[in-house]
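Undergrad: Below is the structure I would like to discuss, written out as structure tokens.
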Amino acid sequence: MTDGYKRDDGRTPNMLRELKMNVGVLNNADGSAYVECGNNKIIVGVYGPRKLHSKKHSKIDGAVLRCKYNMAPFSVTERKRPGTDRRSTEISKLISEAITPAIFLEKYPRSSIDVSIEVLEADGGTRCLGIVATSLALADAEIPMRDLISACAVGKVDGEIVLDLSEAEDQKGEADMPVAMMPRTNEITLIQMDGHLTQNEFVEALDLAYSGCNYINKLQKETILKKYGGA
Ligand code: UDP
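Mapping of the sequence shown onto the working numbering: residues 119 to 349, in sequence order.
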């Protein structure tokens, strides 16, 4: 890491954007969360667990976690066409897969847990922030979990390994690597890579992702404790 390298928004390489988190923000959902990270704004609502009547869509040995990621038309500078597309289908699937290892799904056979992830404003890193907000909303819905899954992207911009890329950095950067993990066990539940890193850069980036996720995990826990006592 080059001493004194400053990013376009003034951050040092290992700084996250400013994070704000809140839970219990929706009255009609079983659990909810609102999270901001820089210019990203995401709200998540959880419905369930509830019994599924369809045998085709349910599982005898546990609940099915169904996450749906959606970007509002006004969430980006160039109007986003409403509805599902390939990107949102992929992100919905990977958020479900990143969160599933944390949940005791076996407690709810033949049930579903439905999660709506609504991106109100996007500025790079929404899949990671979606995972952070989903974990919080599931905890708010009192769904038993092994840990809160935390996530952040790392990457390479101007030859520097940096944490939490903005959209502008993602566009001009050489690599973007979203990572989700369960800090209690260090288990990685999502890792993607767009671009190229050398082996040493990959190790440095993963280390940075671990420290970012650990910091976010602390904030997630503080947010829950603030709401439900203990902090
Ligand atoms: N984006 C956009 N229009 C789209 C999809 C994405 O402007 O239809 C922007 C948005 O700011 C998003 C960023 O591009 O956060 C990076 O998108 P990517 O697919 O890499 O996912 P993300 O980084 O949000 O997880």
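Every residue gets a Cβ at the ideal spot worked out from N, C-alpha and C, and that includes glycine. Since we're looking at a predicted model, the values are computed, not measured.
When you compare the CB positions of cysteine 331 and leucine 247, do they come within less than 7 Å of one another, or not?
TA: The count along the sequence shown starts at 1 and reaches residue 331 at position 213. The count along the sequence shown starts at 1 and reaches residue 247 at position 129. No, these two residues do not count as a Cβ contact at 7 Å.
Undergrad: Is it buried or exposed for glutamate 260, if we count other Cβ within 10 angstroms and need 16 for buried?
TA: In the sequence shown, counting from the first residue as 1, residue 260 sits at position 142. The residue in question, glutamate 260, is exposed, as its Cβ has fewer than 16 Cβ neighbours within 10 Å.
Undergrad: Going by alpha carbons, who is nearest to glutamine 289 out of Ile267, Gly313, Thr303 and Ser229?
TA: The residue you call residue 289 lines up with position 171 of the sequence shown. The shortest Cα separation from glutamine 289 among Ile267, Gly313, Thr303 and Ser229 belongs to Gly313.
Undergrad: Since leucine 352 sits in a beta bridge, which residues does DSSP pair it with?
TA: Because the chain in this structure spans residues 119 to 349, residue 352 falls outside the shown range and cannot be described.
Undergrad: So which of Glu305, Pro301 and Ile279 has the shortest CA-CA distance to asparagine 318?
TA: Along the sequence shown, one-based indexing puts residue 318 at 200. Considering only alpha carbons, the answer is Ile279.
Undergrad: Spell out the partners DSSP gives cysteine 185 in its beta bridges.
TA: Translated into the one-based positions of the sequence shown, residue 185 becomes position 67. Val233, per the DSSP bridge assignment.
Undergrad: With a CB to CB cut of under 6 Å and the five nearest residues on each side skipped, what residues in its chain are close to glycine 166?
TA: As a position in the sequence shown, residue 166 is number 48, starting the count at 1. Around glycine 166: Ser230, Ile231 and Asp232.
Undergrad: Ignore the nearest five residues each way along the sequence and tell me which others in alanine 147's own chain have a CB closer than 7 Å to its CB.
TA: In the sequence shown, counting from the first residue as 1, residue 147 sits at position 29. Here the set comprises Gly163, Val164 and Tyr165.
Undergrad: Can you pull the DSSP bridge partners for serine 150?
TA: Position 32 of the sequence shown, counting from 1, holds the residue named residue 150. BP columns for serine 150 point to Gly163.
Undergrad: In three-state DSSP terms, what is valine 297?
TA: Residue mapping note: residue 297 aligns to position 179 of the sequence shown, counting from 1. Strand, per DSSP.
Undergrad: How far does the beta strand (DSSP E) with glycine 330 in it extend, from its first residue to its last?
TA: Stepping through the sequence shown from its first residue, residue 330 is reached at position 212. No beta strand (DSSP E) holds glycine 330; the alpha helix (DSSP H) holding it covers 317-346.
Undergrad: Helix or strand or just coil, what does DSSP make of aspartate 127?
TA: The count along the sequence shown starts at 1 and reaches residue 127 at position 9. Residue state, collapsed to three classes: coil.
Undergrad: Under 7 Å, do methionine 139 and valine 153 count as touching if we go by C-beta distance?
TA: Taking the sequence shown and counting its residues from 1, the one referred to as residue 139 is at position 21. Taking the sequence shown and counting its residues from 1, the one referred to as residue 153 is at position 35. Going by C-beta atoms, methionine 139 is nearer than 7 Å to valine 153.
Undergrad: Could you check whether the segment 191-209 touches the segment 234-244, counting it as contact only if at least three pairs of C-beta atoms, one from each stretch, sit closer than 8 Å?
TA: With the cut-off at 8 Å, the segment 191-209 and the segment 234-244 touch.
Undergrad: Consider the C-beta atom of glutamate 287 and the heavy atoms of the ligand UDP; say whether any pair is separated by less than 6 Å.
TA: Along the sequence shown, one-based indexing puts residue 287 at 169. Not under cutoff, so the answer is no.
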